[in-house]
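Report on the following structure.
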Amino acid sequence: MELRYGVAGAADAANLAALSIEVWLHTYARDGIRQAFSDYVLSEFTAAKFEAHLSSPSQTFVKCERGEHLLGYLRMNFAAVCPTVPELTTEIATLYVRARHARQGIGTALLAHASDICRRRGVMGVWLMVNHENAPAIRFYEAQQFQRNGSRTFELGAERHENFILWRGLTP
Ligand SMILES: CC(C)(COP(=O)(O)OP(=O)(O)OC[C@H]1O[C@@H](n2cnc3c(N)ncnc32)[C@H](O)[C@@H]1OP(=O)(O)O)[C@@H](O)C(=O)NCCC(=O)NCCS
Numbered sequence: 018m019e020l021r022y023g024v025a026g027a028a029d030a031a032n033l034a035a036l037s038i039e040v041w042l043h044t045y046a047r048d049g050i051r052q053a054f055s056d057y058v059l060s061e062f063t064a065a066k067f068e069a070h071l072s073s074p075s076q077t078f079v080k081c082e083r084g085e086h087l088l089g090y091l092r093m094n095f096a097a098v099c100p101t102v103p104e105l106t107t108e109i110a111t112l113y114v115r116a117r118h119a120r121q122g123i124g125t126a127l128l129a130h131a132s133d134i135c136r137r138r139g140v141m142g143v144w145l146m147v148n149h150e151n152a153p154a155i156r157f158y159e160a161q162q163f164q165r166n167g168s169r170t171f172e173l174g175a176e177r178h179e180n181f182i183l184w185r186g187l188t189p
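So the sequence shown is numbered by the working numbering: it starts at 18 and just counts up by one.
Right under this line is the structure:
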């Protein structure tokens, strides 16, 4: 069955939440599950929070499905000012592809669909944050011509993690 890309809606909220928990834990809980991780994913990735994101006029989700199965998604926020390049106001807030379906071009295709949506809205550049230890994702974004511009600290309970800020211009 073919991969299908499209804009997600309210009916996708539960699948987006479940996929997020799966990808987040796979990416960051390298040594196992601990309390701070469980508290974070169960409070952050709920169907209710995704319903709120999906109904926000400043956010758009692009999803990748095969048949009725969600494989990955990208969330854009058009009203998020970049901390280090304030003229950039469109953030790639999330880009998650299931590990079982990684390295098949899905992340690249989600980014290409999102970039098309941005160009149609007149957006000239996008920014995002990536954990400084997330080497695979950093390599992915480098392959997509993103450049680094500073960093910010992300707080998870009492823990502090450095996030690199990356950005990419979009040609009209
Ligand atoms: C990072 C991520 C979005 C990439 O999506 P993907 O569908 O696997 O990426 P693609 O198949 O489109 O990869 C395109 C290119 O990016 C680079 N790349 C992607 N994953 C990589 C990895 N694990 N290691 C090294 N390079 C990688 C490669 O150059 C790759 O091309 P190639 O496979 O021909 O060598 C996905 O792996 C993911 O969701 N990871 C977990 C969550 C995450 O870290 N998200 C980003 C946080 S901000």
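Where a beta carbon is used, it is the ideal one built from N, C-alpha and C, also for glycine.
Item	Value
Proximity below 9 Å, CB of valine 147 to CB of leucine 183	yes
N- and C-terminal bounds of the alpha helix (DSSP H) containing leucine 105	Run containing leucine 105: none; DSSP gives neither H nor E here.
Rounded separation between alanine 64 and aspartate 56 - CA only	15 Å
Continuous alpha helix (DSSP H) stretch holding glycine 186: start and end	Unbroken run through glycine 186 is the beta strand (DSSP E), 176-186; no alpha helix (DSSP H).
Distance cut-off 8 Å: proline 100 Cβ against heavy atoms of ligand 1	no
Spatial distance of isoleucine 50 from valine 40 (CA atoms)	13 Å
Buried versus exposed call for glycine 124 [16 or more other C-beta atoms within 10 Å across all chains shown]	buried
Distance between phenylalanine 95 and asparagine 180 (C-alpha atoms, nearest Å)	20 Å
N-terminal and C-terminal residue of the alpha helix (DSSP H) that glycine 124 is part of	123-137
Glutamine 162 CB to nearest heavy atom of ligand 1 below 8 Å	no
Near ligand 1: alanine 191 beta-carbon under 8 Å from a heavy atom	Not covered by the structure: residue 191. The range shown for the chain is 18 to 189.
Extent of the continuous alpha helix (DSSP H) run through serine 55	52-61
Residue closest to serine 85, alpha-carbon to alpha-carbon, out of Ser132, Cys99, Asn32, Thr111	Reading off the sequence, residue 85 comes out as glutamate, not serine. Nearest option by C-alpha distance: Asn32.
One or two residues paired with glutamate 85 in a DSSP bridge	None; glutamate 85 has no bridge partner.
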